[in-house]
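Take a look at the structure set out below.
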Amino acid sequence: MVQQLTIDDIMSLRVRVLRQGTPATDAHYPEDGYPDVVHFGIVHSGEVIATSTWFTKECPEAPGVLAMQLKGMAVDTSLQSGGYGAQLIQVGVALAAERNADIVWARARDSALGFYEKCGFHTVGDGFIDEPTNMPHHIVVRQLSTTR
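And the structure:
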């Protein structure tokens, strides 16, 4: 079951999953200090097995649109493809809708684009190399509202 957690609760999983095989070792983000930040996670047998972080931030590919960004999406590597990431997306999208966001967006690793597409996101703009990880990324966007 998805629950709200603290940055301390999720950091170990973030580092283990998102920094594995990259030159980066730190998985703290400036946005972790945003006043509206929410860290969601799934805990099993006392261990955080999946996490995502959500906050209000304009999408560079959709200026002027009320948006929430998803960042730090991580599922324990032994449990990926088990539906945990989709559960986190579902709860985060509900939060974004509650906060009247028109879109949700993320800087997605190219290796995860298929996952995001299955969750209703589409790729926008050109690809880029993410500085901390040196991995190829694209911005992905999911439309929440067409009436605002």
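Using UniProt numbering, the letters of the sequence shown correspond one by one to residues 1 to 148. We put the CB at the ideal spot given by N, CA and C, even for glycine. All of these numbers come straight from a predicted model, not from anything done at the bench.
- The region 55-113 is shown to contain whole alpha helix (DSSP H) runs of 4 or more residues at 84-98, in chain order.
- Distance from the Cα of Gly-33 is smallest, within the candidate group Val-93, Leu-144, Thr-6, for Thr-6.
- Rounded to the nearest angstrom, the Cβ distance from Val-93 to Val-75 is 17 angstroms, too far for a contact under 8 angstroms.
- Per DSSP, the beta-bridge partners of Ile-129 are Pro-136.
- As computed with DSSP, Thr-53 is found in a beta bridge with His-39, Lys-71.
- Taking the CA atoms as reference points, Met-1 sits about 23 angstroms from Leu-144.
- Of the candidates Arg-19, Val-140, Leu-88, the residue whose Cα lies closest to the Cα of His-122 is Val-140.
- With a threshold of 16 other beta carbon atoms within 10 Å, His-39 meets it and is buried.
- Annotation: Leu-5 is outside any alpha helix (DSSP H); the continuous beta strand (DSSP E) that includes it extends over 2-5.
- Secondary structure at Arg-14: helix, using DSSP grouped into helix, strand and coil.
- Between the region 58-68 and the region 7-25 there are fewer than three inter-stretch CB-CB distances shorter than 8 angstroms, so the stretches are not counted as touching.
- Phe-128 is classed as exposed because its beta carbon has fewer than 16 other beta carbons within 10 Å across all chains shown.
- Counting the other CB atoms within 10 Å of its CB gives Ser-52 a total of 16 or more, which places it among the buried residues.
- Phe-115 is a Cβ neighbour of Gly-85, given a cutoff of 8 angstroms.
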